[in-house]
Amino acid sequence: MIKSPAYVHFLQAGLMTSVQDWARQEMADFGVPYSGVMDRLSMVLVNYLLQNPQNAAVLEMSQTGPEMLFEMPTRIAFAGAIADIYHNDKPVKLGTIIDIDEGDRVIVKRFRRRQWLYMGIQGGFETDVVSGSRSWYKGITPQEKVEKGDNLCYLYEERYFPPPPANSRIKDSWYRQSEIMVHPGPEWEMLPRLSQNRIIHKSFTISETVNRMAYQLVEPIYNSLESILTAAVYPGTVQLTPGGNLIVLMRDAQVTGGYPRILQVENNSLSILSQKRPGDKIKFSFVKEELT
Amino acid sequence: MKPLKIFRAHSKWIEISWPKEISAEILREQLAVRSFLEAEYGEGIKEIRMGFNTLSLKLSIPISPSDAQDLLAEIKELAVAHVSKFSKLWEIPVCYAPNFGKDLGKLAALHGLSETEVVQLHYEKDYLLHFYGFLPGFMYLGGLDERLVTPRKKTPDRFMPAGTVAIGGQQTGIYPMDSPGGWYAIGRTPMSMFDINRSPDHMPKIGDTVRFVPITVEEFTEMKEKTVTTL
Numbered sequence: 475m476i477k478s479p480a481y482v483h484f485l486q487a488g489l490m491t492s493v494q495d496w497a498r499q500e501m502a503d504f505g506v507p508y509s510g511v512m513d514r515l516s517m518v519l520v521n522y523l524l525q526n527p528q529n530a531a532v533l534e535m536s537q538t539g540p541e542m543l544f545e546m547p548t549r550i551a552f553a554g555a556i557a558d559i560y561h562n563d564k565p566v567k568l569g570t571i572i573d574i575d576e577g578d579r580v581i582v583k584r585f586r587r588r589q590w591l592y593m594g595i596q597g598g599f600e601t602d603v604v605s606g607s608r609s610w611y612k613g614i615t616p617q618e619k620v621e622k623g624d625n626l627c628y629l630y631e632e633r634y635f636p637p638p639p640a641n642s643r644i645k646d647s648w649y650r651q652s653e654i655m656v657h658p659g660p661e662w663e664m665l666p667r668l669s670q671n672r673i674i675h676k677s678f679t680i681s682e683t684v685n686r687m688a689y690q691l692v693e694p695i696y697n698s699l700e701s702i703l704t705a706a707v708y709p710g711t712v713q714l715t716p717g718g719n720l721i722v723l724m725r726d727a728q729v730t731g732g733y734p735r736i737l738q739v740e741n742n743s744l745s746i747l748s749q750k751r752p753g754d755k756i757k758f759s760f761v762k763e764e765l766t
Numbered sequence: 141m142k143p144l145k146i147f148r149a150h151s152k153w154i155e156i157s158w159p160k161e162i163s164a165e166i167l168r169e170q171l172a173v174r175s176f177l178e179a180e181y182g183e184g185i186k187e188i189r190m191g192f193n194t195l196s197l198k199l200s201i202p203i204s205p206s207d208a209q210d211l212l213a214e215i216k217e218l219a220v221a222h223v224s225k226f227s228k229l230w231e232i233p234v235c236y237a238p239n240f241g242k243d244l245g246k247l248a249a250l251h252g253l254s255e256t257e258v259v260q261l262h263y264e265k266d267y268l269l270h271f272y273g274f275l276p277g278f279m280y281l282g283g284l285d286e287r288l289v290t291p292r293k294k295t296p297d298r299f300m301p302a303g304t305v306a307i308g309g310q311q312t313g314i315y316p317m318d319s320p321g322g323w324y325a326i327g328r329t330p331m332s333m334f335d336i337n338r339s340p341d342h343m344p345k346i347g348d349t350v351r352f353v354p355i356t357v358e359e360f361t362e363m364k365e366k367t368v369t370t371l
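Residue numbers (this note's numbering), protein chains in the order written: chain A, 475 to 766; chain B, 141 to 371.
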């Protein structure tokens with residue numbers, strides 16, 4: 475079967491549009507963040523719908539979406555944030571397969587709920603692989619975000635598409651849950667009982683400071699901890715700042731940090747947390763480990 | 141070996157920690173433990189990440205709390221291998237002229253030293269690369285002269301140009317790319333400190349020694365104009 479390159483042309487870029495895949499994990503030793511999609515559940519879903527390899531690169535969008543023109547036929551699917559999406563002026567639903575024809579136009583307008591929207595494309599985006607990943611990050615990949623006028627490559631292939639897999643519905647309830655599962659971080663035990671109880675039994679509000687590096691939470695915690703010598707941090711590490719704020723590190727997090735690491739958010743919960751918006755409430759609960 | 145304890149966050153993340161200090165001795169122990177773990181348990185380890193006094197392990201095979209304690213006991217029995225003799229020396233040219241080291245005067249005044257003394261104290265010492273962090277290619281270097289230890293600025297500067305050599309806390313470092321930063325800028329290197337497409341063999345490794353070599357503005361310009369300015 476012959477595959478030929480085709481392009482998605484961006485008439486409008488949107489505010490924070492980038493190509494992401496699972497993560498770039500082989501260069502952390504040199505200080506390179508993992509990066510990768512903020513919401514892995516949605517990435518898995520669009521690639522599943524399109525019967526792509528699990529790590530096929532997807533388009534991540536936030537707040538304001540792009541306007542796209544497709545050069546050749548393909549198939550796309552959306553998941554994640556609830557936004558107004560139009561395919562040649564017809565509204566499009568999340569979690570469905572959209573057949574694209576030559577010259578078709580797709581516009582993502584208002585974001586109504588959640589933070590990050592994903593568009594998968596048949597076979598995935600064919601942007602540069604840098605150190606084992608296509609995820610865009612400043613200083614690592616040629617680009618950090620999509621600009622107006624950009625063209626992104628995909629492979630066009632004439633083939634028979636099997637019907638979409640069954641059970642392709644998005645479980646909306648995942649994203650409604652406010653319970654975020656965590657493990658204790660290395661400095662958790664150093665916290666006084668009172669602070670520990672506060673962190674586990676009360677809820678926290680997502681602040682206005684949310685980006686691909688970190689989400690800051692509003693409610694302060696009395697912080698009696700000494701600072702630590704710089705040590706490893708990961709996406710999902712919850713840091714306690716000297717000012718008493720909790721910061722949840724996200725996918726673009728640095729590889730090391732100097733603030734106490736009090737919790738570690740479990741992987742699926744981190745995807746769910748990434749979809750929370752400023753003002754949303756969350757509550758931390760410890761994962762009950764099965765003893766084997 | 142003097143690792144203090146092992147922390148197990150969950151079955152796939154453990155952290156071995158040493159006393160809270162920045163020292164060459166701890167770095168040597170960390171490197172010895174790392175090579176032991178890679179040799180003995182390589183298959184079960186996804187990633188090893190270092191801090192000043194920590195070794196963080198992401199595992200691909202789960203570990204139980206009691207196995208984690210056994211592992212610590214095993215590590216404590218290890219003898220420190222002579223890893224230091226394999227470490228490489230990297231000479232990094234730095235221009236300490238005032239237009240590059242824009243905080244040199246301020247830093248000298250804080251310590252009651254002359255600018256020349258600050259520069260000399262900085263390049264006369266050799267530094268150990270403990271690990272990379274903060275930015276891609278940003279080296280955490282230990283070994284700063286005590287007389288130069290300076291608390292970070294309260295408000296970080298919005299722009300530190302790539303190549304800026306700076307002092308912050310007990311550390312000195314080089315900003316590999318343009319970035320905001322809270323350290324005191326004392327000079328700049330014409331070298332490109334990080335390029336993702338460069339082979340890791342051409343970059344200083346954890347445990348290597350870094351030495352700063354003072355250069356003039358003319359030399360800086362000359363090196364900068366050359367096409368090859370990588371290490």
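Glycine included, each C-beta is placed from N, C-alpha and C at the ideal position.
Keep in mind the model is a prediction, meaning the values are calculated, not measured.
For this session: Mark residue 361 (chain B) as exposed unless 16 or more other C-beta atoms lie within 10 angstroms of its C-beta, in which case mark it buried.
Result: exposed
Exercise. So which of A:663, A:667, A:489 and A:680 has the shortest CA-CA distance to residue 735 (chain A)?
Worked result: A:663
Problem set entry | Contact residues within the region 262 to 291 of chain B, judged by C-beta distance below 9 Å to chain A | 270, 271, 272, 273, 274, 275, 276, 277, 278, 279 and 280
Exercise. Does the beta carbon of residue 160 (chain B) sit closer than 8 Å to a beta carbon anywhere in chain A?
Worked result: yes
Problem set entry | Cα-Cα separation between residue 751 (chain A) and residue 499 (chain A), rounded to whole angstroms | 27 Å
For this session: Give the C-beta separation of residue 495 (chain A) and residue 554 (chain A) to the nearest angstrom, bearing in mind that I take them to be a contact with Cβ-Cβ under 8 Å.
Result: Not confirmed; about 15 Å, so no contact.
Problem set entry | residue 645 (chain A) versus A:744, A:630, A:569 and A:533, residue with shortest Cα-Cα distance | A:569
For this session: At 3 residues or longer, and completely inside the region 174 to 256 of chain B: list those beta strand (DSSP E) runs for me, N to C.
Result: Uninterrupted beta strand (DSSP E) stretches at least 3 residues long and entirely within the region 174 to 256 of chain B occur at 185 to 190, 194 to 199 and 229 to 235, given in chain order.
Exercise. Are the region 501 to 521 of chain A and the region 713 to 727 of chain A in contact at 8 Å, needing three or more beta carbon pairs?
Worked result: Yes: the two stretches touch, three or more of their Cβ pairs being nearer than 8 Å.
For this session: Quick one: grab the DSSP three-state call for residue 682 (chain A).
Result: The DSSP-derived three-state label of residue 682 (chain A) is strand.
For this session: Take residue 574 (chain A) and list the residues in its own chain whose beta-carbon comes closer than 8 Å to its own, dropping the five residues that flank it on each side.
Result: 544, 547, 548, 549, 550, 561 and 580
Exercise. Is the shortest distance between the beta-carbon of residue 342 (chain B) and the beta-carbons of chain A less than 8 Å?
Worked result: no
Problem set entry | Cut-off 8 Å between Cβ atoms - residues of its own chain near residue 460 (chain A), not counting five sequence neighbours on either side | For chain A, the structure presents residues 475 to 766; residue 460 (chain A) sits outside this window and is missing.
Exercise. Apart from the five residues just before and just after residue 330 (chain B), which ones in its own chain have a Cβ nearer than 7 Å to its Cβ?
Worked result: 233, 303, 360, 363, 364 and 369
For this session: Determine the closest residue to residue 190 (chain B) out of A:708, A:762, A:740 and A:719, with distance taken between C-alpha atoms.
Result: A:708
Exercise. How is residue 506 (chain A) classed by DSSP in three states: helix, strand or coil?
Worked result: Three-state DSSP puts residue 506 (chain A) in coil, outside helix and strand.
For this session: Output the distance between the C-alpha atoms of residue 348 (chain B) and residue 263 (chain B), rounded to the nearest integer angstrom.
Result: 16 Å
Problem set entry | Beta carbon proximity, residue 363 (chain B) to chain A, threshold 8 Å | no
Exercise. What are the start and end residues of the alpha helix (DSSP H) that includes residue 518 (chain A)?
Worked result: 514 to 523
Problem set entry | Close beta carbons around residue 540 (chain A), own chain, < 7 Å, minus the five adjacent residues each side | 484, 486, 487, 488, 491, 582 and 620
Exercise. In chain A, what lies closer than 8 Å to residue 192 (chain B) by C-beta?
Worked result: 703, 704 and 705
Exercise. Do residue 307 (chain B) and residue 236 (chain B) have their CB atoms nearer than 8 Å?
Worked result: no
For this session: Check whether the Cβ atoms of residue 266 (chain B) and residue 174 (chain B) sit closer than 8 Å, and answer yes or no.
Result: Between residue 266 (chain B) and residue 174 (chain B), the gap from beta carbon to beta carbon reaches 8 Å or more.
Exercise. Would you say the region 675 to 686 of chain A touches the region 141 to 151 of chain B, given that touching needs at least three Cβ pairs under 8 Å?
Worked result: Contact between the region 675 to 686 of chain A and the region 141 to 151 of chain B is absent: fewer than 3 CB-CB pairs across the two stretches fall below 8 Å.
Exercise. Just by C-beta distance, which residues in the region 657 to 691 of chain A are closer than 7 Å to chain B?
Worked result: Listed in chain order, the positions of the region 657 to 691 of chain A with a beta carbon within less than 7 Å of a beta carbon of chain B are 657, 658, 659 and 660.
For this session: Find the residues of chain A that neighbour residue 149 (chain B), judging by a C-beta separation of less than 8 Å, and give them in chain order.
Result: 657, 658, 659, 660 and 738
Exercise. Going by beta carbon distance, what residues of the same chain come within less than 6 Å of residue 624 (chain A), once the five residues before and after it are set aside?
Worked result: So the qualifying residues of the chain are 484.
Problem set entry | Beta-carbon gap between residue 599 (chain A) and residue 533 (chain A) smaller than 8 Å | yes
For this session: Spatial neighbours of residue 288 (chain B) within its chain, please: CB distance less than 8 Å, with the 5 preceding and 5 following residues excluded, ordered by chain position.
Result: Within the same chain, residue 288 (chain B) has close Cβ partners 247, 251, 258, 261, 262, 307 and 312.
For this session: Return the residues of the region 611 to 625 of chain A that lie within a Cβ-Cβ distance of less than 9 Å from chain B, sorted by chain order.
Result: 611, 612, 613, 614 and 615
Exercise. For a contact meaning CB atoms closer than 8 Å, what does residue 178 (chain B) contact in chain A?
Worked result: What residue 178 (chain B) touches in chain A: nothing, since even the nearest Cβ is about 12 Å away.
Problem set entry | Length-filtered (3 minimum) beta strand (DSSP E) runs lying within the region 696 to 730 of chain A | 711 to 714 and 720 to 723
Exercise. Does the beta carbon of residue 336 (chain B) come closer than 8 Å to any beta carbon on chain A?
Worked result: yes
Exercise. From the beta carbon of residue 331 (chain B), is the nearest beta carbon of chain A less than 8 Å away?
Worked result: no
Problem set entry | Helix, strand or coil at residue 258 (chain B) [DSSP, three-state] | Looking at residue 258 (chain B) - three-state DSSP - the assignment turns out to be helix.
Problem set entry | Straight-line Cα distance separating residue 205 (chain B) from residue 766 (chain A) | Since pLDDT at residue 766 (chain A) reaches only 44, below the 50 mark, its modelled position is unreliable, and the value read off the structure follows with that caveat. Their Cα atoms are separated by approximately 11 Å.
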